[in-house]
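A short write-up of the structure that comes next.
Chains as they are written, first to last, in the numbering used here: chain G, 11 to 174; chain B, 29 to 446; chain D, 367 to 524; chain R, 37 to 448.
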């Protein structure tokens, strides 16, 4: 199983899609143009501080709000390795899987970590932090299929006989 | 030596019996208007640059939010907040979203013979009621606000004698665009354009406003129609009294005199990127120029007769799918009057978008901006390069009837082409 | 001292100097980067302190936006020398203490990028090997300009 | 064993004899809705996926509403891409300036009872007001539906909400849904379906039900369903006999039951900056307002404008009041009924139908330290301007009375 370690950014409950990317930036031409504004209503400096491989840990209902797919795309464009939250809003969840952004659900880790800590994730098994281990569940098969294909676009390309 | 209307107004404001062109006088201002295009800068200067900030007479000042209303982004909202708070702190009358500034000034304030400064170039509109309105910048406005006075250099006057009546389907807008085409975009720079003659008196106050409003596009300092009983009636209907109905003396000196036979005026389409880039509709229509957006509104052409003319053209027809058809009544009062006449319904049924009363498309910000290489035909005041949005976009100017017809056809044309 | 000339055409309007969509930005410092955006998007980056704008007829026609002379002043432009000016722009420039100079003959004698030597007090400009005499300002306006603009005169009056 | 509404709709659509919550099924999509913000992305993904035609152009609706009228030059790009997509793939259902997508979908008959509809917008839950299973999705997923006509869904559990009795005169559907969100919390219905029933609901107009289904997503719901009745049939032009199968069985299994007595409900607001931060309006009276907004797909319908007009008749606003009807049709009806004249006379700023302010793009954006009371669906941080704007969500009646005083007041 894939295993990785990353530095943690801690966010609260109900991180909505307007926080992840405010509407006024949605008409910018590309996600690359938008990503600097990620999380700006809450923490304007955060997008500039996140490094490749970092992990976002949050509370319940992460990604609530609109259907804007730019939300997971921006998190991916900021090169965040994965998001670990107590729970996710459903559209955000679907959008993330469709874009190949890894989401992990865990109800304890957010209360245990502080910003800047390092955690280690073993996919489908557990999160390790400070000598403690937190179990994580694996995703349903149909979602794993999409993730394995590398997202929904790739899955559709395979279906349409295109190879990427 | 006799004086022109403009000279008489300046003489009155300067408290002297006679003035002549090129004299510089200190004048008392009867009224001052500032809108959201610059007021935030005026407020900043008032608060940060003045040793002894004070307001000479708050009752002579009117603040009007019209250019970017309602706010389209937080920076505009911040500029509005500054304006609103300053008005509150200083007891200045504030209008927010009730109409384009010049229309509100006409409805609620302007009287003949007054000298009015507005921090907007189209302040020349007030000549429709025989007043001397002129546009100034925010520093001038600030000076006037603090002292109640300002300086003016007395301009020379150009006299336009208008005769007869416009033909059916020809509008005051076609007339003024023709005049500007004739004298050029700087044909009246530093000068007053004075309109008189039976043709001028045949025009309604709304039509006179169309004339005076656009005189600045020929560079004029003011445009004034010789006031008559229609002016007195308009003032009475709006709860005011017309006191100083100045007329030019028989021996007044004009820098030039022009004669126009209104029956000879034809529908005009001004091409990009200049207001004097005059062409006749009958020539332009042959080119079948596709339009992406059509705008009817502004302080020049967003009043009841304009909306009515547009409604008559589009009644029972549909906007071309490729066209965004935007209408902004010049004021809330115009909107209400148009509602009652069924004009708004007719326009909407034809596919028009009715915006709140604001400057929007005419000044190219807030609502209805146009994109790269797009073409707009508009009843607005200007067609400068990039004025309505992207620098590559093009703006044509025409009457409400021509604009409405173009919205239906999707190409520039007149009502008879439909 | 010689300064670079930026040459513009006739009828440069206020929308070209500074477009409407930037006018409600908080201050002139934030606006100035968009000066002449539709004509030359790099102007604000490339113009230097002391440079001179030379133009044809009717410079600054259009709206009353004082932001137009203000952004030029904020960019360090020393003066605009044109064959003629639109009146509100002219008045606004004097009011903010920004020199606007009428010179009928300079326009045809110079090209973009030439160097010019402007002597404000003498009312002359030297370029292309010739000295041109500019139209003198009325004394009233000269006073406002020499005081540094209308606000300065207001503060002096106390 | 009986079924909930959502189970019945999925069964009928898939032809499966039985479905149960948690089961993953593939449904045949009856209609999709794409709006102007996302059409460029949908178009890109669609072609990137290797599709060259739509599964059924008649089932695709494209609506320009978020960027109408355009407030920035870049907005036009969305229209151009949309228009090119329409031309290339033969779309026939296109609305370029007719109003807000969610209003148009039922108003123009694109979403009906028993249908399964997806849209590139979270408030797609709205069409549950007529008994349609509708939900929001992202643009990648939309692109795949455009090519295949199919979509996988997890059969959701259902929360049943029963509201019996008669609502007090000053309590509207908006107060009901805000209260429900406050009780469920912002994630209380995540992945779940809501089924709303009871005599108070029977008495509601379709428009009021629309307010409730629209905001159900704010509790995380996948959809929010109402049993179609005569009013639904009149509104959608369907025959009751065709849709009388759409109801929750007596013995259906619900994961939660929430009951309200209508007489106990009071006017409420969602306070800054969470949709579930619900307080009675009576506790908020006197809160100073800089702006009031009546509009959006939540509360920009004829009955909302009627309520505002009733309260504002002959009065003047004390703060800025922005009114945005939800659609062209509603605007025209409101003119006919005389509401627009009343509202204009009261000093309202009446804008072209569109999403504008509600989605934070133009139409009355605010700045630091300002407070707004609005009838729309979200009060998230930064939603209507800077993050230092305080947004209260309330009913049209609360909004209208508060506009007269420039501070929050309880409707009478």
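Idealized CB from N, CA, C, for every residue including glycine.
Distance from the CA atom of residue 441 of chain R to the CA atom of residue 398 of chain B, rounded to whole angstroms, is 38 Å. Counting only residues of its own chain and dropping the five nearest sequence neighbours on each side, residue 415 of chain D has a CB closer than 7 Å to the CB of 442.
In the DSSP secondary-structure assignment, residue 431 of chain B is not bridged to any residue.
Taking CB atoms only, residue 64 of chain B has a neighbour in chain D less than 8 Å away.
About 6 Å separates the Cβ atoms of residue 61 of chain R and residue 189 of chain R, confirming a contact at the 8 Å cut-off.
Listed in chain order, the alpha helix (DSSP H) elements of length 4 or more contained wholly in the stretch 326–381 of chain B are 326–329, 332–342, 360–369, 371–377.
The continuous beta strand (DSSP E) containing residue 71 of chain R extends over residues 67–71. By the Cβ neighbour-count rule, residue 172 of chain G is exposed, with fewer than 16 other Cβ atoms within 10 Å of its own. Rounded to the nearest whole angstrom, the CA to CA distance from residue 373 of chain D to residue 291 of chain B is 43 Å.
Within the DSSP bridge table, the entry for residue 265 of chain B names no partner.
Contact of residue 133 of chain R with chain G is not assigned, every C-beta pair being separated by 8 Å or more. The beta-carbon of residue 322 of chain R is placed no less than 8 Å from the nearest beta-carbon of chain B. Runs of the alpha helix (DSSP H) lying entirely within the stretch 224–310 of chain R and spanning at least 4 residues, in chain order: 235–238, 242–251, 266–272, 276–279.
Interface annotation, residue 340 of chain B: not in contact with chain R, CB-CB separation never under 8 Å.
Residue 429 of chain D places its beta carbon less than 8 Å from that of residue 149 of chain B.
According to DSSP, residue 416 of chain R shares a beta bridge with no other residue.
Interface flag for residue 374 of chain B against chain R is unset, since no Cβ pair is found closer than 8 Å. Contact between residue 165 of chain B and residue 457 of chain D holds: their C-beta atoms lie close to 7 Å from each other, under 8 Å. For residue 141 of chain R, the enclosing alpha helix (DSSP H) stretches over residues 137–143.
Of B/400, B/168, B/40, the smallest CA-CA separation from residue 433 of chain D is found for B/168.
For the stretch 50–88 of chain B, the full-length alpha helix (DSSP H) segments reaching 4 residues or more read 67–76 along the chain. For residue 289 of chain B, the uninterrupted beta strand (DSSP E) segment begins and ends at 284–289. For residue 132 of chain B, there is no enclosing beta strand (DSSP E); the residue is found in the alpha helix (DSSP H) stretching over 129–136. Taking the CA atoms as reference points, residue 50 of chain G sits about 15 Å from residue 403 of chain R. With at least 16 other beta carbons inside 10 angstroms of its own, residue 414 of chain R counts as buried.
Within the same chain, 41, 177 come within 6 Å of residue 56 of chain B by CB-CB distance, once the 5 residues on both sides are set aside. At a cut-off of 8 Å between beta carbons, residue 166 of chain G contacts chain R.
A direct Cα-Cα distance of roughly 8 Å separates residue 141 of chain R from residue 69 of chain R. Here the C-alpha atom of residue 30 of chain B lies approximately 5 Å from the C-alpha atom of residue 277 of chain B. Here the alpha carbon of residue 35 of chain G sits roughly 13 Å from the alpha carbon of residue 79 of chain G. Counting only residues of its own chain and dropping the five nearest sequence neighbours on each side, residue 247 of chain B has a CB closer than 6 Å to the CB of 214, 216, 217.
Nearest to residue 38 of chain B by C-alpha distance, out of B/180, B/83, B/111, B/370, is B/180.
Nearest to residue 221 of chain R by C-alpha distance, out of G/30, G/99, G/27, G/63, is G/99.
Membership of residue 221 of chain B in the beta strand (DSSP E) is indicated by the continuous run 220–224. Under the DSSP assignment, residue 99 of chain G falls outside any beta strand (DSSP E); it carries neither an H nor an E label. If you check the CB distance, residue 410 of chain B and residue 303 of chain B come in under 8 Å.
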